[in-house]
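J.: Using the working numbering, you'd call the opening residue of the sequence shown number 10 and step up by one each time. Backbone N, C-alpha and C fix where the C-beta goes; we use that ideal spot for every residue, glycine too. Please read through the structure below; I'll follow up with questions.
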Amino acid sequence: MVRRGDAGRAAWRGGDHGPVSGQGAGGAARRGTRAHLKIAGIGPLSRQRDSGPVAGPFISLLNLATIRPMADDYLVSEFNGIKLAWSPELDGGGRGFGQDYVPLVRHLFGKVGRLAEFCAGPAYIGFSLLAHDCCEHLVLIDVNPRAIDAIHETIRMNGLAEKVTVYLSDGLGAIPPTERWDLVVANPPHFREPVGDVPSIITDDPGWRVHRDFYGGVGGFLTPGGSVLVQENSEGSAPEDFLQMIEDGGLTHTSTLWYGGGQAGPGFYYLWSRKALPGLVFDPGVRPADLKLGPGGGQLLDLDPRGPWALRLVNLTGRPVRPRLTDDAGQDQFWLPFGELGTESATELPRMALRPGGYQVRDETSGTVLARIRVS
Ligand SMILES: C[S@@+](CC[C@H](N)C(=O)[O-])C[C@H]1O[C@@H](n2cnc3c(N)ncnc32)[C@H](O)[C@@H]1O
10 MVRRGDAGRA AWRGGDHGPV SGQGAGGAAR RGTRAHLKIA GIGPLSRQRD SGPVAGPFIS
70 LLNLATIRPM ADDYLVSEFN GIKLAWSPEL DGGGRGFGQD YVPLVRHLFG KVGRLAEFCA
130 GPAYIGFSLL AHDCCEHLVL IDVNPRAIDA IHETIRMNGL AEKVTVYLSD GLGAIPPTER
190 WDLVVANPPH FREPVGDVPS IITDDPGWRV HRDFYGGVGG FLTPGGSVLV QENSEGSAPE
250 DFLQMIEDGG LTHTSTLWYG GGQAGPGFYY LWSRKALPGL VFDPGVRPAD LKLGPGGGQL
310 LDLDPRGPWA LRLVNLTGRP VRPRLTDDAG QDQFWLPFGE LGTESATELP RMALRPGGYQ
370 VRDETSGTVL ARIRVS
């Protein structure tokens with residue numbers, strides 16, 4: 010087990026994933042009463058109140074197959090009027106740092122139609138967003154039957170059957186292709202390597218399989234304009250770990266958000282992505298490149314269409330030139346002339362995002378081609 014925080018307490022504070030206050034917006038928990046599932050093959054579940062540590066073992070992937078219904082009960086916490094059934098071994102931080110989703114979703118999206126929580130656990134985040142009127146309908150997804158059972162208990166206690174759809178699913182594998190979501194939130198396992206002595210589906214995503222499958226499939230469930238906002242932890246990842254997965258899934262990385270105004274520790278960040286629109290990039294930074302103008306047609310520069318490019322023209326023609334940037338059809342790409350560029354000197358063009366195709370830098374005076382660009 011990873012040891013953090015108070016060494017005198019239980020080894021792992023299951024709901025925290027780090028030095029964060031454990032008490033969520035749900036306030037103190039009380040015990041529910043209904044009979045439910047118990048996990049066979051691992052020890053008894055711990056029974057602390059929600060401000061205390063979690064001593065019980067996590068559910069490992071190996072143990073999932075052995076889960077079977079047995080008598081059990083739940084703790085109950087309230088989230089803005091919704092009574093939520095949970096047990097400590099299902100808590101992945103949604104009671105604490107996960108509640109930052111409420112101000113963030115309100116700020117970024119207001120109220121959405123259909124909101125899905127992936128890796129929902131007992132859905133502290135999803136039910137809290139529903140309770141705070143951030144969505145019309147809630148869709149909850151988790152691989153752990155025990156979490157799904159807790160969700161059904163919450164639905165039953167609050168009469169929410171019309172408002173909530175639930176899927177027991179490994180990744181998005183069991184989601185009907187007709188599902189559509191305006192917003193997907195997730196607090197997935199944050200660590201690529203196991204962080205405890207026992208494998209845990211709360212903390213571990215070996216080789217990022219869960220993330221890769223999720224980003225590979227989620228685009229197919231998004232409504233036009235739909236967004237994905239995933240909470241991550243820099244103790245387990247960097248934003249760059251997921252950017253290629255996002256792109257491979259046909260999504261565009263809109264932004265990486267850091268929120269120091271909530272309950273989460275300083276390492277928590279959010280990856281915001283949307284279905285890609287070819288040619289559209291968000292927050293890309295500047296991409297510098299040099300293009301050498303030469304007497305015999307100069308350099309051929311390959312660029313990709315994700316801009317903005319800050320292109321620097323370097324005059325190696327041996328004479329002063331007056332460069333223009335045209336497409337292959339001769340159409341000027343900029344309105345204002347660049348002016349004269351002296352021998353051996355350089356000038357930076359206005360930033361640009363070029364559509365795919367061929368381009369030329371020509372000398373306005375002589376009409377000769379000084380360099381070429383190919384965008385593909
Ligand atoms: C960090 S916990 C988050 C739980 C809860 N949302 C919260 O905030 O406390 C990660 C959750 O991901 C779920 N999970 C892990 N692997 C999964 C998979 N392959 N498909 C769906 N859910 C998965 C676990 O069961 C667990 O509930």
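Taking residue 241 and residue 199 to be in contact with their CB atoms under 8 Å, please state how far apart those CB atoms are, rounded to whole angstroms.
T.: Sequence index remark: in the sequence shown, residue 241 carries index 232 (1-based). Sequence index remark: in the sequence shown, residue 199 carries index 190 (1-based). Yes, residue 241 and residue 199 are in contact; Cβ-Cβ is about 6 Å, under 8 Å.
J.: List the residues that DSSP assigns as beta-bridge partners of residue 382.
T.: Taking the first residue of the sequence shown as position 1, residue 382 is located at position 373. Per DSSP, 310, 368.
J.: Is residue 246 near ligand 1, judged by its Cβ being under 7 Å from some heavy atom?
T.: As a position in the sequence shown, residue 246 is number 237, starting the count at 1. Not so, every heavy atom of ligand 1 lies at least 7 Å from the Cβ.
J.: Mind checking whether residue 251 and residue 224 have CB atoms under 8 Å apart?
T.: Walking along the sequence shown from the start, residue 251 turns up at place 242. Walking along the sequence shown from the start, residue 224 turns up at place 215. It is a contact, given that the beta carbons lie within the stated cut-off.
J.: Would a C-beta distance cut-off of 8 Å place residue 174 and residue 204 closer than the cut-off?
T.: Numbered from 1 along the sequence shown, position 165 holds the residue referred to as residue 174. Numbered from 1 along the sequence shown, position 195 holds the residue referred to as residue 204. The answer is no: Cβ separation not under 8 Å.
J.: What is the C-beta distance between residue 152 and residue 195, in whole angstroms, given that I count them as a contact (C-beta under 8 Å)?
T.: Residue 152 sits at position 143 when you count from the first residue of the sequence shown. Residue 195 sits at position 186 when you count from the first residue of the sequence shown. The beta-carbon separation of residue 152 and residue 195, rounded to 12 Å, does not stay under the 8 Å limit for a contact.
J.: Within the continuous beta strand (DSSP E) that includes residue 151, where are the two ends?
T.: One-based indexing of the sequence shown puts residue 151 at position 142. Per DSSP, residue 151 belongs to the beta strand (DSSP E) from 144-151.
J.: Starting from the C-beta of residue 137, find all residues in its chain whose C-beta is less than 7 Å away, skip the five residues before and the five after it, and write them out in chain order.
T.: Here residue 137 refers to the residue found at position 128 of the sequence shown. Cβ neighbours of residue 137 beyond the five flanking positions: 34, 88, 89, 108, 111.
J.: Hey, would you say the C-beta of residue 144 is under 7 Å away from at least one heavy atom of ligand 1?
T.: Position 135 of the sequence shown holds residue 144. The answer is no for residue 144.
J.: Could you give the distance in angstroms between the alpha-carbon of residue 210 and the alpha-carbon of residue 178?
T.: Sequence index remark: in the sequence shown, residue 210 carries index 201 (1-based). Sequence index remark: in the sequence shown, residue 178 carries index 169 (1-based). One C-alpha to the other measures close to 13 Å.
J.: Quick check: what's the CA-CA separation for residue 166 versus residue 288?
T.: Here residue 166 is taken as the residue at index 157 of the sequence shown, counted from 1. Here residue 288 is taken as the residue at index 279 of the sequence shown, counted from 1. Those two C-alpha atoms are separated by around 48 Å.
J.: My understanding is that residue 356 touches residue 322, with C-beta atoms under 8 Å, so please give their C-beta distance in whole angstroms.
T.: In the sequence shown, the residue the question calls residue 356 occupies position 347. In the sequence shown, the residue the question calls residue 322 occupies position 313. In this structure residue 356 is in contact with residue 322, their Cβ atoms being roughly 5 Å apart against a cut-off of 8 Å.
J.: Fully enclosed by the stretch 231-319, which beta strand (DSSP E) runs are 3 residues long or longer?
T.: 231-242, 260-267, 277-284, 296-302, 309-312
J.: Is residue 183 helix, strand or coil by DSSP?
T.: By one-based count along the sequence shown, residue 183 stands at place 174. Here residue 183 sits in coil by DSSP.
J.: Below 8 Å, how does it come out for the stretch 335-343 and the stretch 302-321: are there three or more Cβ pairs, yes or no?
T.: no
J.: Which runs of the beta strand (DSSP E) spanning at least 3 residues fall entirely within the stretch 182-222, listed in chain order?
T.: 190-195
J.: Report whether the distance from the Cβ of residue 133 to the nearest heavy atom of ligand 1 is below 7 Å.
T.: In the sequence shown, counting from the first residue as 1, residue 133 sits at position 124. If you check the C-beta of residue 133 against ligand 1, you find a heavy atom less than 7 Å away.
J.: Hey, is residue 152 close to ligand 1, as in C-beta under 7 Å from one of its heavy atoms?
T.: Numbered from 1 along the sequence shown, position 143 holds the residue referred to as residue 152. Because some heavy atom of ligand 1 lies under 7 Å away, the Cβ of residue 152 counts as near it: yes.
J.: Tell me whether residue 197 counts as near ligand 1, meaning its Cβ is closer than 7 Å to at least one heavy atom of that ligand.
T.: Residue numbering aside, residue 197 sits at position 188 when the sequence shown is read from its first letter. At least one heavy atom of ligand 1 falls within 7 Å of the beta-carbon of residue 197.
J.: Between residue 300 and residue 330, which are expected to be in contact by the criterion C-beta below 8 Å, what is the C-beta distance as a whole number of angstroms?
T.: By 1-based counting over the sequence shown, the position of residue 300 is 291. By 1-based counting over the sequence shown, the position of residue 330 is 321. The pair is not a contact, with the Cβ atoms about 13 Å apart (cut-off 8 Å).
J.: In the DSSP output, which residue or residues are listed as bridge partners for residue 332?
T.: Your numbering for residue 332 matches position 323 in the sequence shown. Answer is 372.
J.: Just to confirm my understanding: we take residue 191, look at its own chain, exclude 5 residues before and 5 after, and list those with CB closer than 6 Å. What are they?
T.: Translated into the one-based positions of the sequence shown, residue 191 becomes position 182. The beta carbon of residue 191 is closer than 6 Å to those of 121, 122, 123, 232, 235 in its chain, skipping five residues each way along the sequence.
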